[in-house]
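K.L.:
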Amino acid sequence: MPEKLNPIRTRPRFKIFTDLEAETCAKQLKSQLKIENQIFQGNINKEVANIWVKTQHNEFWKPYLSLRIEKEEYQTVIRGILGPSSAVWTFFMFLYFIFSITFMVFITIWFVTKQIKSTDFPWAIHVAILSIILLLISFFCYKNWTNKGKI
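Start counting the sequence shown at 0; every next residue gets the next number (numbering that gives the first Met the number 0).
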């Protein structure tokens with residue numbers, strides 16, 4: 000039975016146990032994707048499956064389902080992650096990294112100039128605050144973009 004999806008998590012995960020072999024699971028997934036007028040596309044092999052919504056335009060915020068088919072002791076386990084494309088995920092992680100580093104650098108410059116009673120960089124605190132604001136904006140943009148692709 001799949002776990003209940005937590006609405007707070009950005010990339011919900013689930014796990015399904017089955018008595019089918021891994022190859023059988025992969026074949027069934029492939030056969031479901033080949034059905035005419037299907038709204039899904041995907042790449043499937045015997046261990047990994049990536050499935051996404053078929054659209055006319057390349058929309059980065061559409062949902063991607065990544066499945067990993069693994070053989071455990073007496074059962075096959077299908078582990079899934081539902082989330083945005085890796086391009087969106089990587090882009091926003093890059094933004095978080097840049098804005099966080101910018102904040103740390105300029106808050107350190109501001110703090111050091113305060114400690115040594117210098118007036119060389121009075122604008123450093125403003126850049127630090129701006130980087131926090133940009134970090135929050137990018138966070139809310141990410142939340143908005145990923146919620147557009149909800150299934």
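Just so you know, even glycine gets a beta-carbon here, dropped at the ideal spot from N, CA and C. From a predicted model like this one, the values you see are computed outputs, not experimental measurements.
Going by DSSP, name the residue or residues bridged to V104.
P.N.:
Residue 104 sits at position 105 when you count from the first residue of the sequence shown. DSSP output for V104 lists no bridge partner at all.
K.L.:
How would you label C24, buried or exposed, when you count the other beta carbons within 10 angstroms and need 16 or more for buried?
P.N.:
For the purposes of this step, residue 24 is taken as residue 25 along the sequence shown, with counting starting at 1. It counts as buried.
K.L.:
Quick check on Y95: does DSSP put it in helix, strand or coil?
P.N.:
What you label residue 95 is simply residue 96 of the sequence shown in a count that begins at 1. Residue state, collapsed to three classes: helix.
K.L.:
Three or more C-beta pairs under 8 Å: does that hold for the stretch 90–107 against the stretch 61–76?
P.N.:
Counting Cβ pairs under 8 Å, fewer than three are found: no touch.
K.L.:
For the beta strand (DSSP E) containing S65, list its first residue and its last residue.
P.N.:
Residue numbering aside, residue 65 sits at position 66 when the sequence shown is read from its first letter. That run of the beta strand (DSSP E) goes Y63 to K70.
K.L.:
What is the rounded straight-line gap between the Cα of F90 and the Cα of Q114?
P.N.:
Within the sequence shown, numbered from 1, the residue matching residue 90 stands at position 91. Within the sequence shown, numbered from 1, the residue matching residue 114 stands at position 115. Going from the Cα of F90 to the Cα of Q114 covers about 36 Å.
K.L.:
Within 10 angstroms of its Cβ, does I38 collect 16 or more other Cβ (buried), or is it exposed?
P.N.:
Taking the first residue of the sequence shown as 1, we reach residue 38 at position 39. It counts as exposed.
K.L.:
In terms of alpha-carbon separation, which member of R12, S99, V111 and W122 lies closest to I136?
P.N.:
On the sequence shown, position 137 is the one that residue 136 refers to. Considering only alpha carbons, the answer is S99.
K.L.:
Between I128 and F110, what straight-line distance do the alpha-carbon atoms span, to the nearest angstrom?
P.N.:
One-based indexing of the sequence shown puts residue 128 at position 129. One-based indexing of the sequence shown puts residue 110 at position 111. Straight-line Cα distance between these residues: approximately 13 Å.
K.L.:
Quickly, what does DSSP pair A48 with across the bridge? List them, please.
P.N.:
Translated into positions along the sequence shown, residue 48 becomes position 49. Looking at the DSSP assignment, A48 forms a beta bridge with I43 and L66.
K.L.:
Give me, in chain order, the residues of the same chain whose beta-carbon lies closer than 7 Å to that of G41; leave out the 5 immediate sequence neighbours on both sides.
P.N.:
As a first step, residue 41 must be located in the sequence shown, where it is residue number 42. Closer than 7 Å at Cβ, skipping near neighbours: L32, A48, N49, I50 and W51.
K.L.:
Relative to the C-alpha of L28, which candidate in I68, F13, F16 and Q55 has its C-alpha closest?
P.N.:
For the purposes of this step, residue 28 is taken as the residue at position 29 of the sequence shown. Ranking I68, F13, F16 and Q55 by Cα distance to L28 puts I68 first.
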